[in-house]
Amino acid sequence: MSDLSRFQVEAEAWGISLGTRFELESLVQPSLRPLEDFTEEDYNEFEFRGRVAELLGANGLIGKAKRYIDCARMGFCLECEGEEHHRFFSPLYCDLRFCPRCAPRRFARLFARHCRALEYIRRHVVRGFRLREITLTSINTGSLSADQIKKFNKHVKLTIRRLMKSLRGWGAIWVDEVGFNNTNLHAHVLIYCPYIAQERLAAVWQLVSGHQVAWIEQSHVFGPKALLHLLKYVSKPPANDPKIIGMLEVAFHGTRRVHALGLFYNFAGGDEDGEESEWQTCPKCGAQLTLIKGQHSVRELRALGLEFIGFFKIKGKNKKWLN
Ligand SMILES: [Zn+2]
Ligand SMILES: [Zn+2]
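Heads up: the sequence shown begins at 0 in numbering that gives the first Met the number 0, then just goes up one per residue.
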């Protein structure tokens with residue numbers, strides 16, 4: 000039995016929340032942050048994370064639940080292969096889409112990645128093309144499932160492809176979004192393309208998806224600002240209710256939330272959803288960074304005087320970390 004399932008069984012038997020059970024564990028495990036160091040804010044966060052983790056666990060996502068509850072409490076030590084063997088520490092983030100700590104990190108990575116396409120567009124203007132914003136909405140069914148999201152994304156992709164048909168030099172990026180604390184699934188699309196009439200967009204969307212509502216307008220902001228505007232949806236979890244956060248994580252498990260087509264796809268280097276870390280080399284000397292085996296509490300790593308470095312993820316080595 001994994002730690003988490005054991006904690007779940009015990010929490011239930013003892014009539015306490017999973018968050019509290021984890022906290023009790025921190026009393027007996029000196030490597031975890033001791034309870035007396037907890038501020039009220041920490042406590043609330045822990046309680047919230049515990050409730051989300053309960054839901055993830057109940058849906059079979061045990062690994063994700065543990066990552067979510069432990070986000071940034073433990074970390075790795077990294078050493079560069081350069082002559083001076085620079086050492087750093089990297090917190091072990093959960094990297095879940097709807098983690099309040101990890102969502103802004105994901106946003107920053109996505110912004111850096113997709114800015115390249117905008118830079119290209121700025122230098123290779125196509126006559127009559129503009130950055131435009133499209134919103135495609137679906138009927139609110141009151142719940143969200145992975146199947147529903149996958150189907151929705153397929154419809155978005157098909158709609159854009161149909162509208163762009165034989166055109167060249169276009170690009171689109173979209174973010175799946177839900178309304179705050181609800182299950183209203185819709186897509187915000189930033190697209191570089193010629194004029195599309197509102198009626199045509201709505202007709203294609205209805206034909207492909209069966210849904211009624213779609214609209215388009217010319218972007219009011221240009222270049223990176225337009226991308227910032229689009230990606231802001233990724234930077235903050237769309238709920239403050241742990242039940243909804245849990246449901247979203249379960250529904251988006253194994254499914255991407257950010258998608259790219261055309262130019263945006265070409266510049267994303269196979270990582271549209273921004274999973275890879277930027278930190279692969281030493282920021283001091285440029286040598287390759289390697290991970291020193293074993294995890295330690297972030298407090299311990301700080302106490303060793305190690306410098307903080309962003310999230311480090313070895314390419315292709317975290318396959319079991321299915322997001
Ligand atoms: Zn996190
Ligand atoms: Zn170095």
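Using N, Cα and C, we set each Cβ at its ideal position, and we do this for glycine too.
Since I believe residue j is in contact with residue i (beta carbons under 8 Å), could you give me their beta-carbon distance rounded to a whole number of angstroms?
{"i": "V177", "j": "L230", "result": "V177 to L230, Cβ: 16 Å. No contact."}
{"i": "V203", "j": "R161", "result": "5 Å"}
{"i": "F263", "j": "L130", "result": "Contact doesn't hold; Cβ gap of about 11 Å is too wide."}
{"i": "L55", "j": "V249", "result": "7 Å"}
{"i": "I172", "j": "V233", "result": "Not a contact, Cβ separation roughly 11 Å."}
{"i": "G170", "j": "A116", "result": "6 Å"}
{"i": "N152", "j": "D240", "result": "The pair is not a contact, with the Cβ atoms about 24 Å apart (cut-off 8 Å)."}
{"i": "L300", "j": "C76", "result": "6 Å"}
Pull up the distance between the alpha-carbon of residue i and that of residue j, whole angstroms please.
{"i": "S165", "j": "L200", "result": "16 Å"}
{"i": "I243", "j": "Y67", "result": "15 Å"}
{"i": "L184", "j": "H210", "result": "11 Å"}
{"i": "R100", "j": "S296", "result": "17 Å"}
{"i": "A213", "j": "F88", "result": "46 Å"}
{"i": "A57", "j": "K63", "result": "11 Å"}
{"i": "F6", "j": "L135", "result": "42 Å"}
{"i": "K65", "j": "A102", "result": "17 Å"}
{"i": "S137", "j": "E39", "result": "40 Å"}
{"i": "I291", "j": "H84", "result": "12 Å"}
{"i": "P33", "j": "R86", "result": "Any reading at P33 must be qualified, since the residue scores a pLDDT of 49, below 50, and its modelled position is unreliable; no value is offered."}
{"i": "H228", "j": "F45", "result": "31 Å"}
{"i": "V124", "j": "Y191", "result": "10 Å"}
{"i": "T158", "j": "A186", "result": "12 Å"}
{"i": "Q217", "j": "Y42", "result": "45 Å"}
{"i": "L247", "j": "I215", "result": "27 Å"}
{"i": "G141", "j": "Q147", "result": "12 Å"}
{"i": "N317", "j": "T280", "result": "Only weak support is given to the placement of N317: the predicted model assigns it a pLDDT of 49, under 50, and the value that follows is read from those uncertain coordinates. About 18 Å."}
{"i": "R121", "j": "P282", "result": "30 Å"}
{"i": "A196", "j": "Q205", "result": "14 Å"}
{"i": "G127", "j": "G269", "result": "29 Å"}
{"i": "F47", "j": "C114", "result": "34 Å"}
{"i": "P237", "j": "E9", "result": "31 Å"}
{"i": "P193", "j": "S4", "result": "54 Å"}
{"i": "I308", "j": "L95", "result": "19 Å"}
{"i": "L31", "j": "R298", "result": "Residue confidence for L31 is low, a pLDDT of 49 falling below 50, so the modelled location carries little weight and cannot support an answer."}
{"i": "L303", "j": "C284", "result": "21 Å"}
{"i": "T182", "j": "G59", "result": "21 Å"}
{"i": "K235", "j": "F251", "result": "15 Å"}
{"i": "G14", "j": "E53", "result": "14 Å"}
{"i": "D69", "j": "M163", "result": "44 Å"}
Look at the Cβ atom of residue i, then the Cβ atom of residue j, and state whether they are nearer than 8 Å.
{"i": "R104", "j": "Y92", "result": "yes"}
{"i": "R112", "j": "A267", "result": "yes"}
{"i": "G245", "j": "V51", "result": "yes"}
{"i": "A145", "j": "G253", "result": "yes"}
{"i": "A286", "j": "G74", "result": "no"}
{"i": "A107", "j": "P90", "result": "no"}
{"i": "L260", "j": "K156", "result": "yes"}
{"i": "L305", "j": "C79", "result": "no"}
{"i": "E132", "j": "V188", "result": "yes"}
Along the chain, where does the beta strand (DSSP E) that runs through residue i open and close?
{"i": "G56", "result": "Note, G56: premise wrong, no beta strand (DSSP E); alpha helix (DSSP H) at E39 to A57."}
{"i": "I215", "result": "A213 to Q217"}
{"i": "H84", "result": "That residue, H84, is in no beta strand (DSSP E); it is neither H nor E in DSSP."}
{"i": "Q287", "result": "Segment: none, Q287 is in no beta strand (DSSP E) and carries neither H nor E."}
{"i": "C76", "result": "M73 to C79"}
{"i": "H123", "result": "Taken as a continuous stretch (DSSP letters only), H123 belongs to no beta strand (DSSP E), as it is neither H nor E."}
{"i": "L247", "result": "No beta strand (DSSP E) holds L247; the alpha helix (DSSP H) holding it covers P241 to F251."}
{"i": "L260", "result": "V257 to L260"}
From what residue to what residue does the alpha helix (DSSP H) around residue i run?
{"i": "G170", "result": "No alpha helix (DSSP H) holds G170; the beta strand (DSSP E) holding it covers G170 to E176."}
{"i": "R131", "result": "Careful: R131 lies outside any alpha helix (DSSP H), inside the beta strand (DSSP E) at R129 to T136."}
{"i": "Y191", "result": "Segment H185 to C192 is the beta strand (DSSP E) holding Y191; no alpha helix (DSSP H) there."}
{"i": "H228", "result": "P223 to S234"}
{"i": "L305", "result": "Here L305 belongs to no alpha helix (DSSP H), and DSSP marks it neither H nor E."}
{"i": "F151", "result": "A145 to M163"}
{"i": "Q197", "result": "Q197 to S208"}
{"i": "Y92", "result": "Element bounds for Y92: n/a, residue is neither H nor E."}
{"i": "E268", "result": "The sequence as given places Gly at residue 268; Glu does not occur at that position. It is not in any alpha helix (DSSP H) - G268 carries neither H nor E in the DSSP assignment."}
{"i": "A64", "result": "I61 to I68"}
Is residue i a contact residue of ligand 3, with contact defined as CB to any heavy atom under 7 Å?
{"i": "R100", "result": "As presented, the structure is devoid of ligand 3, carrying ligand 1 and ligand 2 as its sole ligands."}
*asked:* Tell me which residues pass a beta-carbon proximity test against ligand 2: closer than 6 Å to any heavy atom, given in chain order.
replied: C79, G81, E83, H85, C281, K283, C284 and A286
*Beta carbon shell of ligand 1 at less than 7 Å from a heavy atom*: Y67, C70, A71, Y92, C93, D94, L95, C98, R100 and C101
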